[in-house]
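Have a look at the structure below before the remarks.
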Amino acid sequence: LQSQQLNQRSHLQLRSDSTITTTKTTNKLVLNWSNIEQELILAEKGKTIEAFLVADSFLAERCKDDPLKSFRLSDKYNLPKSYKESSKLILDNLNVYRRKDEFKFLSEQAKSALYERRWEFDQGLKEIYSFVKRGKCGSLRHHNCGGIVSRFQHHELVGREIKNRISAVLVSQITAPSKILAALLRNPKQPKHQQSNSASMCAGINEWIEKKLLKHCGKFEPLECERIRIIRDFYIYIELDLLAK
Numbered sequence: 549l550q551s552q553q554l555n556q557r558s559h560l561q562l563r564s565d566s567t568i569t570t571t572k573t574t575n576k577l578v579l580n581w582s583n584i585e586q587e588l589i590l591a592e593k594g595k596t597i598e599a600f601l602v603a604d605s606f607l608a609e610r611c612k613d614d615p616l617k618s619f620r621l622s623d624k625y626n627l628p629k630s631y632k633e634s635s636k637l638i639l640d641n642l643n644v645y646r647r648k649d650e651f652k653f654l655s656e657q658a659k660s661a662l663y664e665r666r667w668e669f670d671q672g673l674k675e676i677y678s679f680v681k682r683g684k685c686g687s688l689r690h691h692n693c694g695g696i697v698s699r700f701q702h703h704e705l706v707g708r709e710i711k712n713r714i715s716a717v718l719v720s721q722i723t724a725p726s727k728i729l730a731a732l733l734r735n736p737k738q739p740k741h742q743q744s745n746s747a748s749m750c751a752g753i754n755e756w757i758e759k760k761l762l763k764h765c766g767k768f769e770p771l772e773c774e775r776i777r778i779i780r781d782f783y784i785y786i787e788l789d790l791l792a793k
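The structure is reproduced here in structure tokens:
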């Protein structure tokens, strides 16, 4: 239905400065933080799909400037791209954002989704630690990274390194998921399967931890605007569920 409506309208060019230019007129809609909320109100009254698309892109690209406002508008006007991107930053500092006045204007569905996602992440970390504490790192026996020490000794050291990383995070004051993920997923210098005597440098560690994080803590990814960076942070997130609204 949306694609049909888009095809019936005049041709649009979506530019990086978040403007709409139609080929039939010279009118431009230039979005900024001062006018975006008013433009969304007008777009809703006029059912202007193109304006929603550009607003979604604007908020997604600039969500680092004001994550809570981006998320609130995305929640209110059902903007999926910016909803996901701004949720990464909200979840990364949820205890701070939930105390702000603007947070109370979020829908109950959005607030519940944020709380549930953060709870899922925290519980997942505890499950992984419990798993490691019981010595359940069997899958590491299949990776080829023995070095000079015996394979059995290496796997023992690797298991201990994983346990140390996770326990250090759990007892630390680190609360931001992006910082926790950075602490757990330290990039090894050598490629996968290259031999290493150092457990802390073993490529098998990141592979094992990443699989367990995805299984127990849910998905995580960088901000869309930072994907091209070599060194980037990873964030947990939620996505807009239009069917539930």
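All residue numbers for the sequence shown refer to the numbering used here, where the first residue is 549 and numbers rise by one.
Just so it is clear, CB atoms sit at the ideal spot from N, CA and C, and this is done for glycine as well.
Pick from Asp649, Leu705, Ile589: whose alpha carbon is nearest that of Leu616? In the sequence shown, residue 616 corresponds to position 68, counting from 1. Selected option, being the one with the closest Cα: Asp649.
Leu639: which of Leu790, Ala731, Ile776, Leu771 sits nearest, CA to CA? Position 91 of the sequence shown holds residue 639. Minimum Cα distance to Leu639 is reached at Leu771.
Could you give the distance in angstroms between the alpha-carbon of Thr596 and the alpha-carbon of Trp581? In the sequence shown, residue 596 corresponds to position 48, counting from 1. In the sequence shown, residue 581 corresponds to position 33, counting from 1. Straight-line Cα distance between these residues: approximately 19 Å.
Taking only the alpha-carbon atoms, compute the straight-line gap between Arg666 and Arg647 and give it to the nearest angstrom. Taking the sequence shown and counting its residues from 1, one reaches residue 666 at position 118. Taking the sequence shown and counting its residues from 1, one reaches residue 647 at position 99. So the alpha carbons of these two residues sit roughly 16 Å apart.
Which whole-angstrom value describes the C-beta separation of Ile786 and Ala608, a residue pair presumed to lie in contact below a C-beta threshold of 8 Å? Locating residue 786 in the sequence shown gives position 238, where the first residue counts as 1. Locating residue 608 in the sequence shown gives position 60, where the first residue counts as 1. Wrong, their Cβ atoms sit about 14 Å apart, outside the cutoff.
Would you mind reading off the limits of the alpha helix (DSSP H) that contains Asp614? Mapped onto the sequence shown, residue 614 falls at position 66. Here Asp614 belongs to no alpha helix (DSSP H), and DSSP marks it neither H nor E.
Going residue by residue through the stretch 579 to 615, where are the continuous beta strand (DSSP E) segments of at least 3 residues, counting only ones entirely within it? none
Does the stretch 626 to 633 come into contact with the stretch 712 to 729, if we say contact requires no fewer than three beta-carbon pairs (one atom in each stretch) closer than 8 Å? no
What distance in whole Å lies between the Cβ atoms of Asn641 and Ala730, which are believed to be in contact at a cut-off of 8 Å? Counted from its first residue, the sequence shown places residue 730 at position 182. Counted from its first residue, the sequence shown places residue 641 at position 93. Not a contact, Cβ separation roughly 15 Å.
Find the nearest neighbour of Asn712 within the set Ile757, Glu668, Ile784, judged by alpha-carbon distance. The residue you call residue 712 lines up with position 164 of the sequence shown. Taking only the C-alpha atoms, the option nearest Asn712 is Ile757.
Using the C-alpha atoms, what's the distance from Arg777 back to Ala599? For the purposes of this step, residue 599 is taken as the residue at position 51 of the sequence shown. For the purposes of this step, residue 777 is taken as the residue at position 229 of the sequence shown. Their backbone Cα atoms lie some 30 Å apart in a straight line.
Can you give me the start and stop residues for the alpha helix (DSSP H) that Ser634 sits inside? In the sequence shown, counting from the first residue as 1, residue 634 sits at position 86. Here the alpha helix (DSSP H) through Ser634 covers 628 to 640.
Kindly indicate which residue of Phe669, Tyr645, Gly672 has the alpha-carbon position closest to the one of Lys533. In the structure as shown, the chain begins at 549 and stops at 793. Residue 533 is therefore absent and cannot be evaluated.
Quick one: Cα of Cys773 to Cα of Tyr677, how far? Stepping through the sequence shown from its first residue, residue 773 is reached at position 225. Stepping through the sequence shown from its first residue, residue 677 is reached at position 129. Whole-angstrom Cα-Cα distance: 32 Å.
Cross-strand partners of Phe669 (DSSP beta bridge): To locate residue 669, count along the sequence shown from 1; it is residue 121. None; Phe669 has no bridge partner.
For Leu577, three-class secondary structure by DSSP: For the purposes of this step, residue 577 is identified with residue 29 of the sequence shown, where counting begins at 1. Three-state result, Leu577: strand.
Go ahead and pull the three-state DSSP assignment for Glu769. In the sequence shown, counting from the first residue as 1, residue 769 sits at position 221. The answer is strand: DSSP assigns Glu769 an E or B state.
Determine the burial state of Arg620: buried for a count of at least 16 other Cβ atoms within 10 Å of its Cβ, exposed for fewer. One-based indexing of the sequence shown puts residue 620 at position 72. That one is buried.
Residue range of the alpha helix (DSSP H) that Lys727 falls in? Within the sequence shown, numbered from 1, the residue matching residue 727 stands at position 179. Note, Lys727: alpha helix (DSSP H), 725 to 732.
For Asp789 and Glu656, what's the separation of their Cα atoms in angstroms? Within the sequence shown, residue 789 is the residue found at index 241, counting from 1. Within the sequence shown, residue 656 is the residue found at index 108, counting from 1. Each residue's alpha carbon lies about 13 Å from the other.
List the residues that DSSP assigns as beta-bridge partners of Ile784. One-based indexing of the sequence shown puts residue 784 at position 236. Beta-bridge pairing links Ile784 to Phe768.
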